[in-house]
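Residue numbers for the sequence shown follow this note's numbering, so the first one is -19 and each next one is one higher.
Note that the Cβ used here is the ideal one computed from N, Cα and C, for glycine as well.
Note that this is a predicted model, so its numbers are computed, not measured.
Working notes for the structure below.
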Amino acid sequence: MATDARGVTRVTMNRPEVFNAFDEAMIADLDAAFDRLGRDPAVRIIVLEGAGKAFSAGADLQWMKRASEATQDWNVADARRFAGMLDRIARCPKPTIAKVHGVALGGGVGLTLACDIAVAAAGAQFAVSEARFGILPSVIGPYVINAVGPREARRLALTASRIPAAEALRIGLLHEVVESDAAGGLDAAVERWVAELLMNGPQAQAEIKALFAQLEVGPVDGEVRELTAQTIARVRMGAEAREGFAAFLGKRPAAWVPKGDTAS
């Protein structure tokens, strides 16, 4: 992990010899990293990336083999750790960006979707591949359904087919595809998202993530209205809101904006 002067931290999955497939150790490392970074006031944004030729090939097959030979209790505890790690990323109070190249397969798709924003190189490929191994995308399933809807999610899971980045963008797995990674095109795209995110109040972003995690698609009933009213009433009385309004009215950058960045 490396954090720059702006508070942008890069978390790099570093098992390039297996295309960053994850096992028990990597799951524990990712969980611990996002827990620590989420609580660090110096951290503003987290970028998740993979070393080598791929973002993540999903579950390490040796790990899956061990699971197939283990007890029910071991498997439940192990799956809970994986589910907890994805939830840790999804609920991290800091904005998160998945920077995807090469392949994102199985759980690698889950990692992509647990992040708030996903950017990929045009040559990247994606597959919800679990059925090829006689299992199912159970833990990542809710993230896939939330991103693309039930019907597309079923299609991806039932066929386990690889799809290109352009199709992943079309169905909602991605937010941006970079047509060429020449001269650091993928890094440049991530930097554009970072610049946008850094313009906004960090506490406001944490509040957005916390509130939106409680909201579902559906009727805006009394309970939802009360939740949203109470939330905005509390937040707009805070110090960050006062600074944001003062900066706007004073025609100056807010205190959280990096020096020299005055984009609007």
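Segment limits, beta strand (DSSP E) that includes residue i
i, result
"isoleucine 77", "76 to 80"
"phenylalanine 106", "105 to 107"
Beta-carbon proximity check, residue i vs residue j, cutoff 9 Å
i, j, result
"glycine 121", "alanine 101", "no"
"leucine 153", "phenylalanine 106", "yes"
"valine -9", "glutamate 29", "yes"
"phenylalanine 2", "cysteine 72", "no"
"asparagine 126", "leucine 93", "yes"
"isoleucine 25", "threonine -11", "yes"
"asparagine 0", "phenylalanine 35", "yes"
"valine 27", "valine 174", "yes"
"valine 108", "glycine 82", "no"
"alanine 148", "valine 157", "yes"
"lysine 74", "leucine 10", "no"
"glycine 224", "alanine 184", "yes"
Range covered by the alpha helix (DSSP H) that runs through residue i
i, result
"glycine 165", "165 to 178"
"glutamine 194", "Element bounds for glutamine 194: n/a, residue is neither H nor E."
"phenylalanine 225", "219 to 229"
"leucine 154", "Leucine 154 -> no alpha helix (DSSP H), and no H or E assigned at all."
"alanine 258", "Outside the modelled stretch of the chain, which goes from -19 to 244, sits residue 258, for which no answer is possible."
"alanine 137", "130 to 139"
"aspartate 15", "4 to 19"
Integer-rounded CB distance, given that residue j should sit under 8 Å from residue i
i, j, result
"glutamate 220", "glycine 181", "5 Å"
"lysine 79", "leucine 166", "6 Å"
"arginine -14", "proline 238", "5 Å"
"valine 119", "alanine 133", "In fact, because the Cβ distance is near 14 Å, the residues do not count as touching under 8 Å."
"alanine 47", "aspartate 58", "6 Å"
"aspartate 40", "valine 89", "At roughly 15 Å, the Cβ-Cβ gap does not stay under 8 Å, so aspartate 40 and valine 89 are not in contact."
"isoleucine 115", "valine 99", "About 29 Å separates the two Cβ atoms, so there is no contact after all."
"alanine 193", "alanine 145", "With a Cβ gap of about 27 Å, alanine 193 and alanine 145 do not count as contacting."
Cross-strand partners of residue i (DSSP beta bridge)
i, result
"arginine -10", "Ala(-18), Val27"
"valine -2", "In DSSP, valine -2 forms no bridge with anything."
"proline 245", "No answer is possible for residue 245: the residues shown for the chain start at -19 and end at 244."
"valine 99", "Lys79, Glu156"
Min CB distance residue i to chain B below 9 Å
i, result
"glutamate 132", "Absent from the structure: chain B. Only one protein chain is present."
**OP:** Only counting runs of 4 or more residues, tell me where the alpha helix (DSSP H) segments fall wholly within the stretch 23 to 97, in order along the chain.
**Re:** Within the stretch 23 to 97, the complete alpha helix (DSSP H) runs of at least 4 residues are 41 to 48, 52 to 70, 87 to 94.
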